[in-house]
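Participant: Got a structure for you, written out below as structure tokens; questions coming shortly.
Dropping the structure here:
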């Protein structure tokens with residue numbers, strides 16, 4: 214896929230004329246302008262975000278995006294599979310009017326309004342682009358040092374039908390992606406978006422069968438990622454979602470709302486310990502976090518049980534990520550997630566800081582384990598493939614697995630602030646060793 218050069222770094226700062234100029238090339242944008250003399254682009258229609266993102270991706274990045282929308286579907290009259298009295302079911306291979314800028318002879322087609330059985334979240338491109346630009350700074354010596362590297366591998370948790378992070382990451386940085394989702398239909402549409410952009414060799418899609426697992430079941434023991442990324446469900450209830458006029462007509466419940474049911478138990482088998490030694494993490498009003506500790510307020514400790522208000526929405530989602538990342542501390546250089554609410558950022562930061570304060574008493578044991586894994590991984594990079602690691606030689610208690618460093622970035626796509634939380638289990642020396650293998654220094 215050839216990426217266009219005349220792109221705009223942050224078209225969240227689009228001016229009025231930018232929208233008008235785009236609409237001249239992509240006529241499906243016309244209906245989203247106000248009817249008054251000001252001709253403002255409005256986000257009232259349920260497809261407005263999708264259409265402006267679709268046009269912008271083609272214009273500035275050469276990326277094609279196709280999602281279900283309410284645009285008329287163009288169907289040949291002589292198509293034997295479609296009769297005049299038969300409802301047309303949305304299919305990514307069908308052509309909608311927003312996929313064809315200008316139709317020269319509409320008499321040759323019949324149009325039907327097709328309401329897709331499921332709507333999928335339409336990405337706001339500036340925020341997604343800023344997320345990738347920000348984590349890219351973790352690879353380079355400075356924040357403005359752009360790393361285009363075909364050896365970088367990224368895990369996208371909950372990629373969605375748009376598979377937008379992998380599409381942008383491949384185009385802008387040449388990175389490789391494994392993208393996961395819990396929804397078969399979303400993965401089918403994502404697969405089509407990968408196909409039409411000719412990125413099958415760069416983007417791998419995987420099904421996550423457990424909605425309460427983030428990494429378990431999709432990360433192989435011997436895989437290594439330079440980043441994990443995630444745009445978590447922001448809302449805790451349908452009412453919370455409905456209060457946002459821009460999203461209450463877009464997306465579906467799985468994409469936007471996250472709740473942990475009462476009496477939900479998650480089992481995470483830890484590969485460095487005996488097979489029968491399993492960490493049980495219970496959610497709901499009673500929360501049990503991984504390794505014993507008496508601090509009952511903001512710990513991520515295992516055998517500690519305490520009663521408190523239920524957490525839900527993005528706070529619950531990212532808390533699960535923090536817990537589960539300890540089981541895959543060797544498998545990723547940086548774990549990251551987008552955060553929409555500052556109050557959630559403060560709570561998550563306090564959780565991690567409490568973890569870091571308890572790290573140093575077991576520092577040497579954990580660091581030796583990480584170095585052993587890095588020795589193995591670097592040999593694989595050099596082509597000296599090893600079938601297995603002798604984990605018995607690097608046995609480490611779960612309580613030793615502590616976050617080593619966190620970084621927080623604020624991004625502002627348009628007028629709204631968002632935050633990116635990044636955490637790693639590797640020391641700065643170990644991270645430098647990994648980056649040297651990418652030849653980015």
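Residue numbers (this note's numbering): 214 to 654. We put the beta carbon where it would ideally sit given N, CA and C, even for glycine.
Under three-state DSSP, which class holds residue 642?
Facilitator: As a first step, residue 642 must be located in the chain shown, where it is residue number 429. Three-state DSSP puts residue 642 in a helix.
Participant: Select from 623, 628, 276, 283 the residue whose C-alpha is nearest the C-alpha of residue 385.
Facilitator: Mapped onto the chain shown, residue 385 falls at position 172. Minimum Cα distance to residue 385 is reached at 276.
Participant: In three-state DSSP terms, what is residue 392?
Facilitator: Walking along the chain shown from the start, residue 392 turns up at place 179. DSSP places residue 392 in strand when its eight states are reduced to three.
Participant: So what does residue 590 bridge to, in DSSP terms?
Facilitator: As a first step, residue 590 is located in the chain shown; it is residue number 377 there, counting from the start. Paired residue(s): none; residue 590 is not in a bridge.
Participant: Please report the distance separating the alpha-carbon of residue 568 from that of residue 615.
Facilitator: If you number the chain shown from 1, residue 568 lands on position 355. If you number the chain shown from 1, residue 615 lands on position 402. Cα-Cα distance, rounded: 6 Å.
Participant: Residue 420 bridges to which residues according to DSSP?
Facilitator: Position 207 of the chain shown holds residue 420. In the DSSP output, where bridge partners are listed per residue, residue 420 has 394.
Participant: Quick check: what's the CA-CA separation for residue 636 versus residue 549?
Facilitator: Counting from 1 along the chain shown, the entry for residue 636 is found at position 423. Counting from 1 along the chain shown, the entry for residue 549 is found at position 336. The alpha-carbon atoms of residue 636 and residue 549 are separated by roughly 6 Å.
Participant: In the DSSP output, what is residue 260 paired with across the bridge?
Facilitator: Position 47 of the chain shown holds residue 260. Residue 260 pairs with nothing; no bridge assigned.
Participant: From the DSSP output, which residues share a beta bridge with residue 635?
Facilitator: As a first step, residue 635 is located in the chain shown; it is residue number 422 there, counting from the start. The partner list for residue 635 (beta bridge, DSSP) reads 549, 620.
Participant: Ends of the beta strand (DSSP E) at residue 366?
Facilitator: Start at 1 with the first residue of the chain shown, and residue 366 comes out as number 153. Per DSSP, residue 366 belongs to the beta strand (DSSP E) from 366-370.
Participant: My guess is that residue 280 and residue 256 are in contact by the Cβ rule of under 8 Å, so how many angstroms apart are they, rounded?
Facilitator: Translated into the one-based positions of the chain shown, residue 280 becomes position 67. Translated into the one-based positions of the chain shown, residue 256 becomes position 43. That belief does not hold up - the Cβ atoms of residue 280 and residue 256 are roughly 16 Å apart, past 8 Å.
Participant: To the nearest angstrom, how far is it from the Cα of residue 530 to the Cα of residue 284?
Facilitator: Taking the first residue of the chain shown as position 1, residue 530 is located at position 317. Taking the first residue of the chain shown as position 1, residue 284 is located at position 71. Straight-line Cα distance between these residues: approximately 34 Å.
Participant: For the stretch 424-431 against the stretch 346-353, do three or more pairs of beta-carbon atoms, one drawn from each stretch, fall closer than 8 Å, so that the two count as touching?
Facilitator: no
Participant: What does the alpha-carbon distance come out to for the pair residue 546 and residue 233?
Facilitator: Against the chain shown, residue 546 aligns to sequence position 333. Against the chain shown, residue 233 aligns to sequence position 20. Cα to Cα, residue 546 sits roughly 43 Å from residue 233.
Participant: Can you find at least 3 beta carbon pairs, one from the stretch 643-651 and one from the stretch 619-633, that sit closer than 8 Å?
Facilitator: no
Participant: Taking buried to mean at least 16 other C-beta atoms within 10 Å of its own C-beta, is residue 441 buried or exposed?
Facilitator: Counted from its first residue, the chain shown places residue 441 at position 228. Its Cβ being crowded by 16 or more others within 10 Å, residue 441 is buried.
Participant: Using alpha carbons as the reference points, say which of 371, 382, 397 lies closest to residue 444.
Facilitator: For this step, residue 444 is matched to residue 231 along the chain shown. The candidate whose alpha carbon is nearest that of residue 444 is 371.
Participant: Which value, in whole angstroms, describes the spacing of the CA atoms of residue 377 and residue 344?
Facilitator: If you number the chain shown from 1, residue 377 lands on position 164. If you number the chain shown from 1, residue 344 lands on position 131. If I take the Cα positions, the gap works out to 12 Å.
Participant: Quick one: grab the DSSP three-state call for residue 542.
Facilitator: Residue numbering aside, residue 542 sits at position 329 when the chain shown is read from its first letter. In this structure, DSSP gives residue 542 a state outside helix and strand, which the three-state scheme calls coil.
Participant: Is it the case that the stretch 383-403 contacts the stretch 557-566, given that we only count it when at least three CB pairs across the two stretches are under 8 Å?
Facilitator: In this structure the stretch 557-566 does not touch the stretch 383-403; the number of beta carbon pairs closer than 8 Å is below three.
Participant: Taking only heavy atoms of the ligand MN into account, decide whether any of them is closer than 7 Å to the Cβ of residue 640.
Facilitator: Here there are no bound small molecules, and the ligand MN is not part of this structure.
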